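Novice: The sequence shown maps to residues 12 to 398 in this note's numbering. All C-beta atoms in this analysis are idealised placements derived from N, C-alpha and C, irrespective of residue type, glycine included. Just so it is clear, the structure is predicted and the values come from calculations on it, not from any experiment. This is the structure I want to talk about, given as C-alpha cells.
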Amino acid sequence: MNRIVSPEINVVQLHDFNQNVGACLDLQNKKRSLGNSRESTAILNCLNRNLEVSLPHYLKRIYLPFQPSGFSKLASIIPEVSIMYRRSSRLFGFTLVELLVVIAIIGVLVALLLPAIQAARESARRNQCTNNLKQIALATQMYHDTQKQFPAGRIGTDEFTTSWAFQLLHYLEGGNIYQTWKRNVPPFDVENSLAMRTPVETYTCPSRRTPAADRDFVDGSVPALLAKGVGAGGDYAANAGRDTVEYGVDNQQKPLPSIDETVAGPIFTFSRVGDRQVQDGLSNTIAEGERHIPPEQENPPGGIQQLGQGDTAFFSGDIPHTILRSSKEGIAEGPQDYSRTKFGSEHSGISQFAFLDGHVKAIANTIDIITFQLMTSIGDGQVISSE
12 MNRIVSPEIN VVQLHDFNQN VGACLDLQNK KRSLGNSRES TAILNCLNRN
62 LEVSLPHYLK RIYLPFQPSG FSKLASIIPE VSIMYRRSSR LFGFTLVELL
112 VVIAIIGVLV ALLLPAIQAA RESARRNQCT NNLKQIALAT QMYHDTQKQF
162 PAGRIGTDEF TTSWAFQLLH YLEGGNIYQT WKRNVPPFDV ENSLAMRTPV
212 ETYTCPSRRT PAADRDFVDG SVPALLAKGV GAGGDYAANA GRDTVEYGVD
262 NQQKPLPSID ETVAGPIFTF SRVGDRQVQD GLSNTIAEGE RHIPPEQENP
312 PGGIQQLGQG DTAFFSGDIP HTILRSSKEG IAEGPQDYSR TKFGSEHSGI
362 SQFAFLDGHV KAIANTIDII TFQLMTSIGD GQVISSE
C-alpha cells in the first residue's frame, strides 16, 4: 500500500502511526462490524491508544479522545484512515443465499425430529392405555374375589340394568360415581345423569380421545327432556366369546340356560362365569380389550348419536355392542372398518388385551382369526398361550 506523507507529520511518526492503524484494521477485520457496541468500543479504544503514541503533541489535542466523528477529521491528513472509515461503516449481515440455507437446514431438522417426537408421544399414550387395562384387569379379579364370579355384561333383564364397566367402578377410581347410582331409576333418567355421564379416565384410551364428559344422544323411546343421561364413553369392551348373537353382543336376547363353553367368553349378557369354568386357564383367556368404534359412532353428524349406535351408554347395560366385543370376525385393522362387534384400537398395527390373570398383552391386528378365537373362549380345550 502506498503511504502518503502528511506535511504535518514526519516520516518516522507516519511509519509508527501506519503500523498502529494497521493493528486496529486487523482488529476491525476480526470483529467484522461496528454495528455491535462492544466491538465499536474495542476499536475506538485501540485507535485512542495508538494515536496517543503516534500523533504529535499538537495533533493529540485535536483528535483525542478519538470518537467516530474523528474518522473524517483524521482522514483529511491520513488517507488510510479514510479507507478504514469507509470499510468500517459497512453493515454486515446474512445474504439471501445464506438465509435460505439456514431456513433449509432448520426445515430438515424439523422433518427429522417431528416423527421422533410423535413416536415418543404415542409410546407414552400406549403405555397409559396398558396401565388402564391393568387396572381394569385387577378390578375384575377383585370383583371375582368378592362375588365369586366375573362381572356380567348385563346383570338384569329390566331397564334398570348397568354394564360390567359400571360394576367395576366400585373397585376403581370411580367409587363415588358408583354410590350415586339409583337402582330403581332407569339409566337415562336425569336422576342418574351424574352416574351415567361422569367420565372415568381409566376407561379412556389417550390415543383415541380425552375422557368425554358428556355425549348427547337421541332415541325414539326417550322423552326429549331426558335426551341426556348416558353419555360417558369408554374405549374398552369385555370379551363375550366367539358368538355375536347368542351371547348378547349384537342384540339383547338372553343366552341359553346352559352356555356353550367352547364358544363363550367370560363376560357376556347375563353371564355368571367363575374361574372354575375357565378350563383353558386364566392366563390364556382374554377378559377385556380395546374396542373398535366404527366411524359413524365416533364422529356422528352434529355430534349427537342415536342411543343404539354404540359409543354412548357405556355404563348402561341396554346396548350390548357398546360394552361387549366378539372374536367371530377377528380384530379391526383400521378406522374405516364399519363392524360394531370387533375389537380394535387407535394404535398402529396392534390392539391391547387384559387377561383373566391380570396381565396385559399387545396382539397384532392381523392375527389369525382361529388363533384369536381360541384365546377368547373359556373352554374350547385348545390352549393358546398368550406368550
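Between which two residues does the beta strand (DSSP E) harbouring Phe366 extend?
Specialist: Ile361 to Phe366 is the span of the beta strand (DSSP E), which, as asked, contains Phe366.
Novice: With a threshold of 8 angstroms, are at least 3 pairs of Cβ atoms found where one atom belongs to the stretch 121 to 132 and the other to the stretch 200 to 216?
Specialist: They do not touch, by the three-pair rule.
Novice: Take the Cβ of Tyr182 as the centre, count every other Cβ of all protein chains shown within 10 Å, and call the residue buried at 16 or more, exposed below.
Specialist: Burial call: buried.
Novice: Applying the 10 Å Cβ sphere with the 16-neighbour rule, what's the burial state of Val274?
Specialist: Counting Cβ neighbours within 10 Å, Val274 comes out buried, since at least 16 surround it.
Novice: Which residue wins for smallest C-alpha separation from Ile395, given the options Asp291, Lys339 and Ser337?
Specialist: Nearest of Asp291, Lys339 and Ser337 to Ile395, Cα basis: Asp291.
Novice: Evaluate the contact criterion for the stretch 337 to 348 versus the stretch 382 to 389: three or more CB pairs, one atom per stretch, below 8 angstroms.
Specialist: Cβ pair count under 8 angstroms is three or more, so yes.
Novice: In terms of residues, what are the limits of the alpha helix (DSSP H) holding Lys145?
Specialist: Here the alpha helix (DSSP H) through Lys145 covers Leu107 to Gln158.
Novice: So what's Asn295 in DSSP terms, helix, strand or just coil?
Specialist: The answer is helix: DSSP assigns Asn295 an H, G or I state.
Novice: Nearest-angstrom Cα distance between Pro331 and Phe279?
Specialist: Those two C-alpha atoms are separated by around 9 angstroms.
Novice: With respect to the beta strand (DSSP E) encompassing Asn250, which residues constitute its N-terminal and C-terminal limits?
Specialist: Tyr247 to Asn250 is the span of the beta strand (DSSP E), which, as asked, contains Asn250.
Novice: From which residue to which residue does the beta strand (DSSP E) around Ile374 run?
Specialist: That run of the beta strand (DSSP E) goes Val371 to Ala375.
Novice: Please determine, among Glu357, Asn203 and Thr172, the residue with the shortest C-alpha to C-alpha distance to Ser327.
Specialist: Considering only alpha carbons, the answer is Thr172.
Novice: If you measure from the beta carbon of Leu183 to each beta carbon in chain D, is any gap under 8 angstroms?
Specialist: Of the chains in the structure shown, none is chain D; there is only one protein chain.
Novice: Confirm, please, whether the CB-CB distance from Lys372 to His303 is below 8 angstroms.
Specialist: No, the pair does not count as a contact, with Cβ atoms beyond the cut-off.
Novice: Take the Cβ of Ser362 as the centre, count every other Cβ of all protein chains shown within 10 Å, and call the residue buried at 16 or more, exposed below.
Specialist: Classification of Ser362: buried, given that the 10 Å Cβ count is 16 or more.
Novice: To the nearest whole angstrom, what separates the beta carbons of Glu299 and Ala248, a pair I think is in contact under 8 angstroms?
Specialist: Sure, about 7 angstroms apart at Cβ, within 8 angstroms.
Novice: For Gly186, which residues in the same chain have their Cβ closer than 8 angstroms to its Cβ, ignoring the five residues on either side in sequence?
Specialist: Once the five neighbours on either side are set aside, the close Cβ partners of Gly186 are Leu180.
Novice: Classify Leu3 as helix, strand or coil using the three-state DSSP reduction.
Specialist: Residue 3 lies beyond the range of the chain shown here (12 to 398); nothing can be said about it.
Novice: Can the beta-carbon of Arg283 be found closer than 8 angstroms to that of Gln160?
Specialist: Contact: yes.
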